[in-house]
Amino acid sequence: MPPDFAALYEEHLPLMIGIAVGRFRIPETDAETLAHEVFLDFILKAHRVTSVRAWLVGSICNASRYYGRVRARSEALPDSIDEKPDPHLTRVVDMWPDQLAARQAFACTTARCQLVLHLRYFEEYSIPEIARELDVSEKYAAKLVSECLHQAKRRYEKQGRGSKS
Amino acid sequence: MKVPNNIHALVAIAERIEAEQRRARPVVERLVTTLELQWDTEIPSEWRTVGFVQELNKVFPSVLQQNPGTAHALAQFALVVATSIPRDRYPSLVLTQIEGMAWQRIAQAHHYRSNYAEALRALDAADKRVWTENGLFEERATIGLIRAMVFADLLRFDDAELLLADSEEVFDTVGNLRLYGSCLLLRGMIAYRQHRLLPAAEIFEEAVEVLREADDLPQLAKALRALAVVHYDLGDLPSAASAFQDALSIFSDLGFTPEIARTKGGLGRISLSRGRYAEARTLLTEARSVFLTLRMPEEAGLAGLELVETFIAMGEEFRAVAVAEQVIEEFRRANLNERAATAVAYLREMMTNPRAREAARHVRQYVEALKQEPERLFMPLPDDSS
Chain A
81 MPPDFAALYE EHLPLMIGIA VGRFRIPETD AETLAHEVFL DFILKAHRVT
131 SVRAWLVGSI CNASRYYGRV RARSEALPDS IDEKPDPHLT RVVDMWPDQL
181 AARQAFACTT ARCQLVLHLR YFEEYSIPEI ARELDVSEKY AAKLVSECLH
231 QAKRRYEKQG RGSKS
Chain B
5 MKVPNNIHAL VAIAERIEAE QRRARPVVER LVTTLELQWD TEIPSEWRTV
55 GFVQELNKVF PSVLQQNPGT AHALAQFALV VATSIPRDRY PSLVLTQIEG
105 MAWQRIAQAH HYRSNYAEAL RALDAADKRV WTENGLFEER ATIGLIRAMV
155 FADLLRFDDA ELLLADSEEV FDTVGNLRLY GSCLLLRGMI AYRQHRLLPA
205 AEIFEEAVEV LREADDLPQL AKALRALAVV HYDLGDLPSA ASAFQDALSI
255 FSDLGFTPEI ARTKGGLGRI SLSRGRYAEA RTLLTEARSV FLTLRMPEEA
305 GLAGLELVET FIAMGEEFRA VAVAEQVIEE FRRANLNERA ATAVAYLREM
355 MTNPRAREAA RHVRQYVEAL KQEPERLFMP LPDDSS
């Protein structure tokens, strides 16, 4: 983070919000969020930004343009939306805890198993794709997936017992 | 966690990540050489931070140039650490950025080793992440640039140029000279592969200027080498040699082993064209040996084929046959395209033929073209009696 970050923030925030609102017709509250997202991104990349002002101004323009594109693709919901349940959310009560539990269970495993399980269950890699990613045979990749699942189950249950006692 | 909406919250996050990076730096330095031991243990909780992943991502480019296999493993490890960070500790934009970056690195490692399908698969995963955040346009543009590089290697030039135009615009607006220069470099490569040599030379010259201004030494050296190859093809050997030497000097300073080998291979080709066979033999042998050590059989084979041509020119047929047989064996062991081994087997049969040198060049050009067109059929040299 540059030593004069606070000064940069104070100097550029109004300009950036002004650009998003004035040039791209973005509502002020959203423009403010966008400007803060750009600053957050700046924190991650500050070490390789050569011209700060050009970067911040260019960034708010790009972020605003993208915001506009996403908005243009979205449609207003029908008035009857409150009456019908979203079919994607019918299993949400089961699904979210399952996903959270899966993340926690995978995090208990070895690094190799985390990678294998992440590829298989979050990125939907097939066994041949996992084999190519790990540079192993397909047979070994299938065995790894199965062993890692067992490891996740075993360790997650053990952790659960540990936290209860 | 939401995006911080005031200066104090932003500074707090920045300071936290900087402190994590400081703690991670010595650990990551050690990890580069001991990563293999880490895969079968659980990731320590103090490593599960954004700063740690950023340090892993930071060392990736130099490791990639020295050892692509280790770089690939590092990128995979960065992904594992990034996905195991508790979601409520950082704003989602930050977590999305580091996960997207890890996928981007995996794609780069695959691309570096010509695994195009795997690179595209990894880019899809990277895309899926960064398209959800307004702020990450530079990441989207970078993913577009890497995808364009893969498309260019697959000869999908129109798709590549389309992506390149979008990425160039983004890098230009934020003043990112380094990646703008990389876009120019790719544009030049595309022109070269389309056999438009003069426009390619012009674009590479512009890329050299931009990358010199950006002080991006690795890319500058690549642009110089690309320029050298065009000069060579245009028959301007002195300019080619000078650009190769400039590239070699930068790569040597950086210690980028595979790139040093590639550049020496280029200088070897010039020596061969100038009839300086002993010099060509030394340069090509060095390059081939590095590729074999780094398990890059395709590149080793290509250097080997140039060595075959050198030995034929030197009248040392027995050495030429021995190298050709080694190359066939290496191609088969690495499960490379069977057509390549068939073409080299044809060359071995041609060794005592007066047109052996021509055949060596013909086979090398064919094997090089197979990288982009794996289905291309091998045709022996046309009969010169016709």
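First to last, the protein sequences are chains A and B.
If you read the first sequence in our numbering, its first letter stands for residue 81, the second for the next number, and so on.
If you read the second sequence in our numbering, its first letter stands for residue 5, the second for the next number, and so on.
The beta-carbon is built from N, C-alpha and C at its ideal position, and this holds for glycine as well.
Being a predicted model, the structure only gives us computed values, none of them experimental.
Just so you know, the alpha carbons of residue 247 of chain B and residue 358 of chain B end up roughly 34 angstroms apart. Boundaries of the alpha helix (DSSP H) harbouring residue 193 of chain B: 181-197, taken from the DSSP string. Take residue 8 of chain B, set aside five residues on each side of it, and the residues of its chain with a beta-carbon closer than 7 angstroms to its own are 14, 17 and 95, in chain order. Apart from the 5 residues on each side of it in sequence, residue 211 of chain A sits with its Cβ closer than 8 angstroms to the Cβ of 217, 218, 220 and 221 in its chain, given in chain order.
The beta-carbon distance between residue 182 of chain B and residue 220 of chain B, rounded to whole angstroms, is 5 angstroms. This is short enough to meet the 8 angstroms contact definition. In the assembly as shown, residue 23 of chain B is an exposed residue. Its beta-carbon has fewer than 16 other beta-carbons within 10 Å. Cβ neighbours of residue 308 of chain B within its own chain (closer than 6 angstroms, five residues either side excluded): 292, 327 and 331.
Taking 8 angstroms as the CB threshold, residue 118 of chain A lines the interface with chain B. Inclusion of residue 102 of chain B and residue 54 of chain B in the CB contact set at 8 angstroms is warranted, their separation being smaller than that value. In its chain, beyond the 5 residues on either side, 96, 97, 100 and 101 have a beta carbon closer than 8 angstroms to the beta carbon of residue 137 of chain B. Between residue 362 of chain B and residue 385 of chain B a beta carbon distance of about 6 angstroms is seen, short of the 8 angstroms cut, so the two are scored as contacting.
DSSP places residue 177 of chain B in the uninterrupted alpha helix (DSSP H) bounded by 161-177. Put simply, the region 109-117 of chain B touches the region 77-94 of chain B. At least three CB pairs are less than 8 angstroms apart. Residue 378 of chain B places its beta carbon 8 angstroms or farther from that of residue 69 of chain B. A distance of 8 angstroms or more separates the beta carbons of residue 233 of chain B and residue 279 of chain B. At a cut-off of 8 angstroms, the C-beta of residue 88 of chain B has a neighbouring C-beta in chain A. Rounded to the nearest whole angstrom, the CA to CA distance from residue 118 of chain B to residue 300 of chain B is 10 angstroms. In the three-state DSSP reduction, residue 228 of chain A falls in the helix class (H, G or I). Non-local beta-carbon contacts of residue 99 of chain A in its own chain, meaning distances under 8 angstroms to residues more than five positions away in sequence, involve 137, 140, 141 and 144 in chain order. Beyond the five residues adjoining it in sequence on each side, residue 286 of chain B comes within less than 6 angstroms, by CB distance, of no other residue in the same chain. Contacts between residue 95 of chain A and chain B, judged by CB atoms closer than 8 angstroms, are missing: the closest CB pair is about 15 angstroms apart. Residue 213 of chain A places its beta carbon 8 angstroms or farther from that of residue 224 of chain A.
Residue state for residue 129 of chain A is assigned as coil, using DSSP reduced to three classes.
For residue 114 of chain B, the uninterrupted alpha helix (DSSP H) segment begins and ends at 96-116. One alpha carbon belongs to residue 272 of chain B, the other to residue 160 of chain B, and they sit about 30 angstroms apart. Using a Cβ-Cβ distance cut-off of 8 angstroms, the region 183-194 of chain B and the region 143-153 of chain B are in contact, since at least three pairs of beta carbons, one from each stretch, lie closer than that value.
In the structure shown, residue 216 of chain A falls within a coil segment according to DSSP collapsed to helix, strand and coil. Counting the other CB atoms within 10 Å of its CB gives residue 322 of chain B a total below 16, which places it among the exposed residues.
In this structure, DSSP gives residue 383 of chain B a state outside helix and strand, which the three-state scheme calls coil. Under the 8 angstroms Cβ criterion, the region 158-175 of chain B does not count as touching the region 204-213 of chain B, having fewer than three qualifying pairs. Contact note: residue 114 of chain A reaches chain B through 138 and 139, using a C-beta cutoff of 8 angstroms and chain order. Contacts with chain A at 8 angstroms (Cβ-Cβ) include residue 179 of chain B. Residue 108 of chain A places its beta carbon less than 8 angstroms from that of residue 97 of chain A. Your pair residue 345 of chain B and residue 337 of chain B does not check out as a contact, with CB atoms roughly 10 angstroms apart and the cut at 8 angstroms.
One Cα belongs to residue 134 of chain A, the other to residue 124 of chain A, and the distance between them is close to 17 angstroms. In this structure, the straight-line span from the alpha carbon of residue 67 of chain B to that of residue 290 of chain B is close to 21 angstroms.
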